[in-house]
Amino acid sequence: MNQPSRRDFLKTTLLTGFALAVQPVAASTIQTDSTGLTTESIRIGEMPAYLAKPANASGALPTVIVIQEIFGVHEHIQDICRRLAKQGYLAIAPELYYRQGDPRQISDINTLIKELVMKVPDAQVMSDLDATAQWAAAHGGDQQRLAVTGFCWGGRITWLYAAHNPNVKASAAWYGRLTGDTNANFPRNPIDIASQLKSPVLGLYGGKDQGISQESVAQMLAALKRQRQPFNLMVYEDAAHGFNADYRPSYHAAAAQDGWKTMLAWFKQYGV
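As structure tokens, this is what we get:
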């Protein structure tokens with residue numbers, strides 16, 4: 000059987016895999032195959048999720064919860080799950096907006112943020128991530144080896160969840176907002192919970208990020224130095240926001256590759 004060309008892959012994902020708000024999809028998009036993996040769409044109660052894990056694995060697997068960007072669990076986030084599964088992890092990405100709507104059906108980012116993202120409360124997300132961790136532990140995951148990683152919107156959530164769930168052994172937050180306005184849905188920012196972290200967190204940021212200032216990164220660094228958990232806050236000076244998003248023009252290959260390698264080493268260092 001002929002393998003699909005990159006052009007065919009991009010054509011398909013433009014129609015089905017990515018949020019309408021992030022078209023066109025860049026030619027740098029990485030496609031990780033499912034050879035040697037079990038991949039499937041599942042439900043955790045009513046919540047849809049994407050699962051990838053090594054096929055025919057024996058014993059409980061180290062687990063990584065992958066927290067979506069603002070664009071949802073699209074093809075890139077699913078690919079992240081497959082990359083982690085290739086490393087021996089059970090990787091699971093829950094659809095954390097499912098009660099409010101489907102981001103892949105929204106055609107512009109301003110509408111996406113106003114009509115969907117801003118309506119998803121942090122408390123709901125924490126509860127759904129707890130349910131995800133419990134589901135994974137009951138379906139082949141090792142509850143003693145649990146890690147979390149998230150990107151953009153999910154990067155902020157990763158920080159919050161590291162202060163919420165004491166069962167998480169290590170986390171990696173990719174360019175998640177650290178400071179900003181609060182409201183009833185978003186009562187705290189990562190800087191507000193820096194002293195409450197329950198496990199080691201790796202933060203990965205871009206020096207040219209137009210949305211996350213270096214001043215806020217410095218403020219977070221100072222706050223982290225006053226708490227006991229191990230941490231590492233890395234800044235890639237030439238990278239912008241979304242530098243790991245290989246399907247977008249923001250992709251910075253050197254920063255993305257180094258960040259990925261650093262994340263995997265961070266997980267291993269803390270037993271995941």
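FYI, in numbering that gives the first Met the number 0 the residues of the sequence shown are 0 to 271. Where a beta carbon is used, it is the ideal one built from N, C-alpha and C, also for glycine.
- Rounded to whole angstroms, the Cβ separation of V116 and I69 is 5 Å, and the two are in contact under 8 Å.
- Per DSSP, the unbroken alpha helix (DSSP H) holding A162 starts and ends at W152 to H163.
- With a 10 Å radius around the Cβ and a threshold of 16 neighbouring Cβ atoms, D107 comes out exposed.
- In terms of Cα proximity to G206, the closest of S170, N182 and Y174 is Y174.
- Closest by C-alpha distance to H73, out of K118, V24, Y250 and K52, is V24.
- Comparing C-alpha distances from H75 to each of F185, F17 and N231 shows the shortest one belongs to F17.
- Within the same chain, Cβ atoms closer than 7 Å to the Cβ of G241 are found at C151, Y174, R247 and S249, the five residues on either side in sequence being excluded.
- For I108, the uninterrupted alpha helix (DSSP H) run begins and ends at I108 to E114, by DSSP.
- Between L220 and A171 the beta-carbon gap is near 16 Å, outside 8 Å, which marks them as no contact.
- Around the beta carbon of P186, fewer than 16 other beta carbons lie within 10 angstroms, which makes this residue exposed.
- Membership of E39 in the beta strand (DSSP E) is indicated by the continuous run L36 to I43.
- DSSP places T62 within a strand segment (E or B) once states are collapsed to three.
- Here D121 is buried. Its C-beta has 16 or more other C-beta atoms within 10 Å.
- Considering only V271, K168, A255 and K267, the residue with the shortest C-alpha distance to I29 is A255.
- The C-beta separation of A54 from G35 comes to about 6 Å, placing the pair in contact by the 8 Å criterion.
- Counting the other CB atoms within 10 Å of its CB gives Q143 a total below 16, which places it among the exposed residues.
- DSSP places D78 within a helical segment (H, G or I) once states are collapsed to three.
- Taking M46 as reference, the option from V63, A92 and L60 with the minimal CA-CA separation is A92.
- Per DSSP, the unbroken beta strand (DSSP E) holding K52 starts and ends at M46 to P53.
- In this structure, the beta-carbon distance from S198 to A169 falls below 7 Å.
- Contact check for G140 against L89 passes: the beta carbons are separated by less than 7 Å.
- The C-beta distance from R81 to S33 rounds to 6 Å, short enough to meet the 8 Å contact threshold.
- When rounded, the separation of the alpha-carbon atoms in Y204 and R155 is 12 Å.
- In this structure, G71 is the residue among G71, D127 and Q86 with its C-alpha nearest to the C-alpha of I105.
- Note that the C-beta distance between A135 and T38 is not below 7 Å.
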